[in-house]
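Reviewing the structure listed below.
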Amino acid sequence: MSEKPFFVGYLPAPGPLRTFLLTACVLLIAGLGSAGFLMGAAQDDPGPGAFRFDYGRQTVTGVVELTPYPILHVTEGNDRIQPGDSFLMTAGGKSGVDSRAEPLAGQLAQVSGVVLERGDLYMLQLRGGRNGLQAAEGEVPEITAEPQGRWKLAGEICDGKCLAGAMRPGRGLAHKACANLCLLGDVPPIFVSTQPVLGEEFLLVTGPGGTRLPRAAYDYVAQFITAEGEITKRGDLLVWEIDVDTIEVTP
Amino acid sequence: MSVKYIPVQWNPNKWIYDAVMLAGVALFLWVFLYLTPEVLSHDQPVTAQIRNARAFGACAFVMLTVILCIGPAARLDRRFLPLLYNRRHFGVMTAFVALTHAGYILNWYFAFSSSDKLVGLLYANASLGQIAGFPFELFGIFALICLLILAATSHDFWLKFLTPPVWKRLHYLIYAAYFAVAAHVSLGILQDQKNHVFTVLFMLGAGAVIVLHLAAWLRERSEAAAKDGAWAEVARVGDFRDGYAKIAKLANGDRVAVYLMEGQLSAISNACAHQNGPLGEGKIIDCLVTCPWHGFQYDVRNGRSPAPFTEKVPTYRLRIMGDMVEVHPDANPPGTYVEPVPLPEPPPEPEPDVPEDGATA
């Protein structure tokens, strides 16, 4: 039997073992580099959502409506946000603007902030305090709700802010805990439908009868589900009152 | 054979080892973070904090996979033993990489709310009753705690304090950590992905760990010489090589290393007093058996490390029956001297027939 090289930790590696160890080291480093490339290059496209700081700060006026999540129906717009648009609002971080919007429900208000945009969905992250949301003078137009009937939809409940681009990606099971934390902070929930509904892919999702999304629905956030509920068109925004008892997880 | 505890007792091989591991980790992270976004060319790239979290998480998984492959690889081919030599350095490095991953997750997904981020981590997703949507973060937390425990107790102080058997059992937590990481990844990112390259790599990595461990276990099982009876057979007299050992497995599961040194046989425990390294795979250097893992040395006649070191391992009695070397399964207390057993003289060679003058074949 031939003499096998024997490695002792504090002595130089025996000659015959050096080539083997050198090869192993090179392969290890190259393997880690290759794994980094393959894993890094396998990242899915997070979609088009993003903060649009490039648009600059947007300031518009409109009617605040609680659905119960605050919506602004724009009456005086600007180059980007047109009168007749309806959009959702959020505060900085994982917080909604409920406490600021509730005193202004049904009234005219001026809002100012940064746009979050993902396709047809957009949202305004308001500036802090009165700079972001304050009462405005003027005539308050009547906002009508147009019932669209009961619908069974398939898709995913997300938090509107991360989905709109605060995080890329901002949906999916890996994002579930973050989405729940956003929803607990009063960020409006959005339903992403697998098929367009009345021309829209994104719907604000609430509980029945104008209540908040029930806590029971939080278990299904970020999962593909089917459920039923009434759809109402408020301005150009669809609001789906989900019936939690009808939620089924799609395999 | 440590006589005092200092953070790391460096030697050139350790520098080389750590440099290689660091180079591999740095290359992985650099390629993931800075090279692949150029390749992907998404309109809106993955958010930097999320990409960082993914890079460090993926790197920790790959590092854990490599760590768990080194052990069985070294059992299958002794040339891999030098990679085992300072594996705990690699383990500590892995704990730091995993901690960085957790930091990015905690300070991004669980920050910016009115709740404390650690509290949010535990209550934001409470869907414990379902598989899809299960709070997979819990598995990550468990794995991270395991890795931190292993990293914190990797120093020789803990080895001495806990004793090698307890220390080694504690460090089996690495397997629990790996299973938890596998569950963490399986219930998290794997279910979200559309591109399945990561899935394939994940399965290849986990498969390599399983296959290598099975192969090493099967190899050892086939080589095991568990025998019934008071005396256990070790090997035939002619099988021994001077300076090396034959390993016997006793009925109680212990292993005995029987060495041939200068024509005499001696038996000591196969488990090194340092980290239970396989002494029987070591070699006699300067009249002392040298552990292949970390170079601890013992006199095979009494199981004692040379002064000033104090490590001791149990010794065993030997006998030769016919041409079979046998060991008694009852271990002597560590450090007990046992008179070496000389190998029997080989039988004299028969004298060749000398043809008589004038004889013909």
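Which chain is which? The protein sequence lines are A and B, in order.
The first sequence maps to residues 60 to 310 in my numbering.
The second sequence maps to residues 2 to 362 in my numbering.
Note that CB positions come from ideal geometry on N, CA and C, so glycine has one too.
What you are looking at is a predicted structure, and each value in this text was computed from that prediction instead of being measured.
Rounded distance between the beta-carbons of residue j and residue i, thought under 8 Å
i, j, result
"Trp-232(B)", "Glu-327(B)", "4 Å"
"Met-182(A)", "Gly-219(A)", "6 Å"
"Leu-261(B)", "Asp-287(B)", "Leu-261(B) to Asp-287(B), Cβ: 16 Å. No contact."
"Asp-324(B)", "Gly-208(B)", "So it is not a contact: roughly 44 Å between Cβ atoms."
"Ala-181(B)", "Ala-144(B)", "4 Å"
Residues that residue i bridges to, as DSSP identifies them
i, result
"Gln-117(A)", "Gly-172(A)"
"Phe-261(A)", "Val-251(A)"
"Leu-261(B)", "Asp-243(B) and Leu-266(B)"
"Pro-343(B)", "Gln-265(B)"
"Leu-147(A)", "Ile-130(A) and Met-182(A)"
"Tyr-35(B)", "Beta-bridge pairing links Tyr-35(B) to no other residue."
"Gly-226(A)", "This sequence places Met at residue 226(A); Gly is not what is there. DSSP output for Met-226(A) lists no bridge partner at all."
"Tyr-299(B)", "Val-290(B)"
"Pro-200(A)", "None, per the DSSP bridge assignment."
"Met-325(B)", "Arg-237(B) and Met-322(B)"
"Tyr-317(B)", "Ala-268(B)"
"Asp-218(A)", "Pro-248(A)"
"Thr-291(A)", "Pro-206(A) and Val-298(A)"
Chain B contact for residue i (CB, 8 Å cutoff)
i, result
"Asn-137(A)", "no"
"Cys-217(A)", "no"
"Asn-190(A)", "no"
"Gly-268(A)", "no"
"Ala-286(A)", "no"
"Ile-88(A)", "yes"
"Phe-79(A)", "yes"
"Pro-273(A)", "no"
"Val-67(A)", "yes"
"Lys-220(A)", "no"
"Pro-228(A)", "yes"
"Asp-329(A)", "For chain A, the structure presents residues 60 to 310; residue 329(A) sits outside this window and is missing."
"Ala-83(A)", "yes"
Chain-order list of residues whose beta-carbon lies under 6 Å from that of residue i (same chain, five-residue window excluded)
i, result
"Gly-58(B)", "His-102"
"Asp-138(A)", "none"
"Trp-299(A)", "Phe-250, Leu-262, Val-264, Gly-288 and Ile-290"
"Cys-273(B)", "Leu-280, Cys-292 and Phe-297"
"Asp-19(B)", "His-90"
Nearest candidate by alpha-carbon position, reference residue i, set the options
i, options, result
"Val-303(A)", "Thr-149(A), Gly-268(A), Gly-294(A) and Asp-295(A)", "Gly-268(A)"
"Asn-190(A)", "Pro-248(A), Val-173(A) and Ile-130(A)", "Val-173(A)"
"Arg-306(A)", "Ala-236(A), Val-67(A) and Gly-214(A)", "Note that residue 306(A) corresponds to Ile in the displayed sequence, not to Arg. Of Ala-236(A), Val-67(A) and Gly-214(A), the residue nearest in Cα terms is Gly-214(A)."
"Leu-77(B)", "Cys-292(B), Ala-249(B) and Ser-223(B)", "Ser-223(B)"
"Ser-306(B)", "Asp-331(B), Pro-330(B) and Leu-280(B)", "Leu-280(B)"
"Asp-278(A)", "Gly-130(B), Arg-79(B) and Tyr-317(B)", "Gly-130(B)"
"Arg-98(B)", "Pro-136(B), Ile-71(B), Cys-70(B) and Ala-56(B)", "Correcting the residue type first, residue 98(B) is Val in the shown sequence and not Arg. Minimum Cα distance to Val-98(B) is reached at Ala-56(B)."
"Asp-193(B)", "Ala-233(A), Gln-193(A) and Glu-259(A)", "Ala-233(A)"
"Phe-66(A)", "Asn-14(B), Val-9(B) and Ile-7(B)", "Asn-14(B)"
"Leu-297(A)", "Val-308(A), Arg-274(A), Ala-275(A) and Val-256(A)", "Val-256(A)"
"Pro-75(A)", "Ala-181(B), Ala-152(B) and Phe-81(B)", "Phe-81(B)"
"Val-308(A)", "Gln-282(A), Asp-295(A), Gly-188(A) and Gly-136(A)", "Gln-282(A)"
"His-275(B)", "Met-22(B), Pro-345(B), Val-167(B) and Ala-74(B)", "Val-167(B)"
"Gly-136(A)", "Ser-171(A), Trp-210(A), Ala-100(A) and Gly-258(A)", "Ser-171(A)"
"Cys-84(A)", "Val-21(B), Ala-96(B), Arg-302(B) and Thr-200(B)", "Val-21(B)"
"Trp-109(B)", "Cys-241(A), Gly-95(A), Glu-259(A) and Met-98(A)", "Cys-241(A)"
Chain A within 8 Å of residue i, Cβ atoms only
i, result
"Ile-7(B)", "no"
"Asn-12(B)", "yes"
"Pro-341(B)", "no"
"Lys-284(B)", "yes"
"Val-40(B)", "yes"
"Tyr-86(B)", "yes"
"Lys-195(B)", "yes"
"Phe-140(B)", "no"
"Pro-83(B)", "yes"
"Ile-190(B)", "yes"
"Ala-24(B)", "yes"
"Ala-59(B)", "yes"
"Val-63(B)", "yes"
"Gly-254(B)", "no"
Same chain only: Cβ atoms within 8 Å of residue i, ignoring 5 sequence neighbours per side
i, result
"Val-122(A)", "Leu-131, His-132, Thr-134, Gly-165, Gln-166, Leu-167, Ala-168, Val-199, Pro-200 and Ile-202"
"Phe-110(A)", "Val-173, Val-174, Leu-175, Gln-184, Gly-224 and Ala-225"
"Gly-155(A)", "Tyr-128, Pro-129, Met-148, Thr-149, Gly-244, Asp-245, Val-246 and Pro-247"
"Gly-206(B)", "Phe-62, Val-63 and Thr-66"
"Gln-315(B)", "A small fix is needed here, since residue 315(B) is Pro in this sequence, not Gln. If we look at Pro-315(B) and ignore the five residues flanking it on each side, its Cβ neighbours are Ile-269, Ser-270, Gly-304, Ala-332, Asn-333, Pro-334, Pro-335 and Thr-337."
Same chain, Cβ closer than 7 Å to residue i, neighbours up to 5 away in sequence not counted
i, result
"Ala-195(A)", "Thr-120, Leu-167, Ala-168 and Gln-169"
"Arg-88(B)", "Ile-68 and Ile-71"
"Pro-343(B)", "Gly-264 and Gln-265"
"Asn-239(A)", "Tyr-277 and Val-280"
Any non-hydrogen atom of the ligand SAH closer than 7 Å to residue i Cβ
i, result
"Ala-272(B)", "Here there are no bound small molecules, and the ligand SAH is not part of this structure."
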